[in-house]
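Peer 1:
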Amino acid sequence: MAVVDQQSADVVHIHPADNVAVAARPLDTGDQISVGGHSLRVAEPVGMGHKLALASVPIGERVFKYGQTIGFATRAIEPGELVHSHNLAAGGFEREYRYATDIPAPPAPITGRTFLGYRRASGKAGTRNYLAVISSVNCSASVSRYIAERFTPAVLRQFPQVDGIVALTHKGGCGMRYGGEDHQQLNRVLAGFAKHANIGGYLLVGLGCETGTIGSLLEEGHLVQIGLPGKPPQRPTVLSMQDLGGTTKTVEAGVQSVAQMLPAINDVRRVPIPASELIVALQCGGSDGNSGVTANPALGVASDLLVAAGGTVILSETTEIYGAEHLLTRRATSRAVGEKLIERIRWWERYTAMFGAEIDNNPSPGNKAGGLTTIYEKSLGAVAKGGSTALNAVYHYAEPVTANGLVIMDTPGYDPVGATGQVAGGANLMCFTTGRGSCFGCKPTPSIKIATNTPMYQRMIDDMDVNAGVILAGTPVAEVGRQIFELMLAVASGEKSKSEQHGIGDEEFAPWSIGPML
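Take any residue in the sequence shown, note its place counting from 1, add 127, and you have its number in the working numbering.
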């Protein structure tokens, strides 16, 4: 799906069946274009990343990109015209679901690749070494932040092996049914971060009367201080503002607890760890029409390389799989895996309908300004991040990821919420493609940013790690994919990504709240 059929300096024709091409540069009225056996005159301005009609499309007929349906013409479209929201809509059509019918053969194994990481007492492999102050409820969020802020860069210079202290605060924790879906899901997220391999130690801060009690979190999450090297598992440090006597006393108790933990957390060193222990979250945000041509296919190549090395990649954002799910079910290793994905798709259809919304409402104004029109088009490009290997498992939000290879985690398409679930599931590295220019970071997991086009990369070079826009100038997708794979290993070994250099990631912790606020 990500293989380019024909490419020129002007447009990219992705698949022989496509009746549109993607502009590789801004096209002006009157420009002559030749690609994929088509020769035509541009009828109107077409922006970079936008679609140009290569053939006539009668009203009601399908428009094809990636060799798949991305929508239906809402009026007659002529060759050379811009194809976008004014003449294309998603519509509805039945997709043929086949399960485990096209399972790819395992890739040739890649052996001997390693990164320098932290071997935890739990056996897990970390790429960073943070201390976390975890708030159980929004009512303790400020106190959690006050505790972390007391440890200034000057103080932390005494602990060079500690990447930082992150306060994980959020807007939930109460106003929900005790033991209900939101409560269980929040517990999964908080426990997932507490037990994360990139967290060397943590303390929990609550108000005391919240629905999301720390007691239930400790019990359901089976939480212990597993990150302290050389020490047996012990009960985590728990602070209750109401029990301790309020803000000031809780902050002081928290500062004392952190100060006691820091020397042990600092007493770790990086060691060689097999690349098979990398768990990479795949994200895209601020996507554009080039995402499915450059950055996403290149990341797909890197994903395949990591899977060949025994590692794991997590494809998420279920609302941005919608319209491409039928391609993934065929690659599922079993019917049960494929059906679990479709069950999640059907859940999203019901969930959005409850609020009078549709999944096709997903493409944002920025997506559309960058050339994406329908959710089908966005999804077909988005799933390219996952590469071409077999689909081994499908997980609910924030569930621990235990399978190797390509897996899917059900999350919303909103990046901070989706990434929070992936990290809670165990992702110790993140690769994030962007066309419009997202600056996302997610402590404690480093985020590698991959630009889809050169103009944005040059404009936002302080935030971008890789320029996949060179693919539009002729650089092979496989070459950029190999570059991303090597950068994965370097960043996992301690090289700071651009978002880390900016210190981004303290405010991006965003657990998904599904149900009503009571």
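Cβ atoms here follow ideal geometry from the backbone N, Cα and C, with glycine treated the same way.
(1) Quick one, which of 592, 544, 549 and 154 has its alpha-carbon nearest residue 566's?
(2) Candidates 449, 388, 624 and 442: which alpha carbon is nearest residue 571's?
(3) Please give me, in chain order, every unbroken run of the beta strand (DSSP E) with length at least 3 that falls completely inside the region 256 to 310.
(4) Report the CB separation of residue 486 from residue 476 in whole angstroms; it is logged as a contact under 8 angstroms.
(5) How big is the Cα-Cα spacing for residue 329 and residue 458?
(6) Please check the pair residue 303 and residue 310, which I expect to be a contact at CB under 8 angstroms, by giving their CB distance rounded to whole angstroms.
(7) Among 165, 483, 426 and 491, which has the Cα closest to the Cα of residue 609?
(8) When you compare only the Cα positions, how much space is there between residue 226 and residue 564?
(9) Is residue 285 buried or exposed, if buried means 16 or more other CB atoms sit within 10 Å of its CB?
(10) Does the region 511 to 530 come close enough to the region 459 to 467 that 3 or more CB-CB pairs lie under 8 angstroms?
(11) May I ask you to list the residues that DSSP assigns as paired with residue 409?
(12) Span of the alpha helix (DSSP H) holding residue 327?
(13) Could you tell me the alpha carbon to alpha carbon distance between residue 307 and residue 611, rounded to whole angstroms?
(14) Inspect the CB distances between the region 161 to 173 and the region 139 to 150 and report whether three or more fall short of 8 angstroms.
(15) Can you name, in chain order, every residue of its own chain whose Cβ lies under 8 angstroms from the Cβ of residue 428, other than the five neighbours on each side?
(16) Anyone know if the C-beta pair for residue 552 and residue 528 falls short of 8 angstroms?
(17) Could you tell me the boundaries of the alpha helix (DSSP H) in which residue 377 lies?
(18) Give every residue of the same chain whose Cβ lies closer than 6 angstroms to the Cβ of residue 626, excluding the five residues on either side of it in the sequence, and list them in chain order.
(19) When the distance is taken between beta carbons, is residue 344 closer than 8 angstroms to residue 318?
(20) Would you please state the rounded distance, in angstroms, between the beta carbons of residue 490 and residue 499? I believe it to be under 8 angstroms.
(21) Starting from the C-beta of residue 478, find all residues in its chain whose C-beta is less than 6 angstroms away, skip the five residues before and the five after it, and write them out in chain order.
(22) Have a look at residue 368 and residue 615 and give me their C-alpha separation to the nearest angstrom.
(23) Just how far apart, CA to CA, sit residue 522 and residue 508?
(24) Around the Cβ of residue 588, are there at least 16 other Cβ atoms within 10 angstroms (buried) or fewer (exposed)?
(25) Is it right to say residue 404 is buried, meaning 16 or more other beta carbons lie within 10 angstroms of its own, or is it exposed?
(26) Please classify residue 720 as buried or exposed, where buried requires at least 16 neighbouring CB atoms within 10 angstroms.
(27) Pull up the distance between the alpha-carbon of residue 128 and that of residue 511, whole angstroms please.
(28) For residue 453, collect the residues of the same chain with a Cβ closer than 7 angstroms to its Cβ; drop the 5 residues on either side in sequence, then sort them by chain order.
(29) Could you check which residue in 327, 326 and 366 has the C-alpha nearest to that of residue 340?
(30) If we require 4 or more residues per run, which alpha helix (DSSP H) segments fall completely within the region 513 to 599?
(31) Between which residues of its own chain and residue 620 is the CB-CB distance below 6 angstroms, once the five residues before and five after are set aside?
(32) Does the separation of the CB atoms of residue 153 and residue 174 fall below 8 angstroms?
(33) Please classify residue 590 as buried or exposed, where buried requires at least 16 neighbouring CB atoms within 10 angstroms.
(34) If you check the beta carbons only, do residue 584 and residue 596 fall under 8 angstroms apart?
(35) Buried or exposed: residue 444, going by 16 or more other Cβ atoms within 10 Å of its Cβ?
(36) With burial defined as no fewer than 16 other Cβ atoms inside 10 Å of the residue's Cβ, what is the status of residue 238: buried or exposed?
Peer 2: According to the data block:
(1) It is 592 whose Cα lies nearest to the Cα of residue 566.
(2) Selected option, being the one with the closest Cα: 624.
(3) Whole beta strand (DSSP E) segments, 3+ residues: 257 to 262 and 291 to 295.
(4) About 7 angstroms; that satisfies the 8 angstroms criterion.
(5) Cα-Cα distance, rounded: 39 angstroms.
(6) Confirmed, about 5 angstroms.
(7) Taking only the C-alpha atoms, the option nearest residue 609 is 426.
(8) Our two residues, residue 226 and residue 564, have alpha carbons roughly 36 angstroms apart in a direct line.
(9) By the beta-carbon neighbour count (other beta carbons within 10 angstroms, threshold 16), residue 285 is exposed.
(10) Flag = yes, the region 459 to 467 and the region 511 to 530 touch.
(11) Residue pairing by DSSP places residue 409 opposite 442 and 558 in a beta bridge.
(12) First-last for residue 327: 326 to 333, but that is the beta strand (DSSP E), not the alpha helix (DSSP H).
(13) Going by C-alpha positions, residue 307 is about 41 angstroms away from residue 611.
(14) Segments in contact, yes.
(15) Within the same chain, residue 428 has close Cβ partners 514, 604, 605, 607, 608, 609, 611 and 612.
(16) Yes, the pair counts as a contact, with Cβ atoms nearer than the cut-off.
(17) Per DSSP, residue 377 is one residue of the alpha helix (DSSP H) stretching across 374 to 393.
(18) These residues qualify, in order along the chain: 568 and 574.
(19) The beta carbons of residue 318 and residue 344 sit closer together than 8 angstroms.
(20) Right, the Cβ-Cβ distance comes to about 5 angstroms (below 8 angstroms), so this counts as a contact.
(21) Same-chain partners within the cutoff: there are none.
(22) Approximately 41 angstroms between the Cα atoms of the pair.
(23) Rounded to the nearest angstrom, the two C-alpha atoms are 21 angstroms apart.
(24) Residue 588 is exposed by the Cβ-count criterion.
(25) Classification of residue 404: buried, given that the 10 Å Cβ count is 16 or more.
(26) No answer is possible for residue 720: it lies beyond the span of the chain, which begins at 128 and ends at 645.
(27) For residue 128, the predicted structure reports a pLDDT of 45, less than 50, and the residue's modelled location is therefore unreliable. A value from the coordinates is still provided. If you take the alpha carbons of residue 128 and residue 511, they lie about 8 angstroms apart.
(28) Result list for residue 453: 222, 223 and 224, in chain order.
(29) Considering only alpha carbons, the answer is 366.
(30) Inside the region 513 to 599, DSSP marks whole alpha helix (DSSP H) runs of 4 or more residues at positions 542 to 551 and 581 to 586, from first to last along the chain.
(31) Closer than 6 angstroms at the Cβ level, and outside the excluded window around residue 620, lie 242 and 243.
(32) Contact flag set, yes.
(33) Counting the other Cβ atoms within 10 Å of the Cβ of residue 590 gives 16 or more, which makes it buried.
(34) Yes, these two residues count as a Cβ contact at 8 angstroms.
(35) A buried status is given to residue 444, since no fewer than 16 other beta-carbon atoms sit within 10 Å of its beta-carbon.
(36) So residue 238 counts as exposed.
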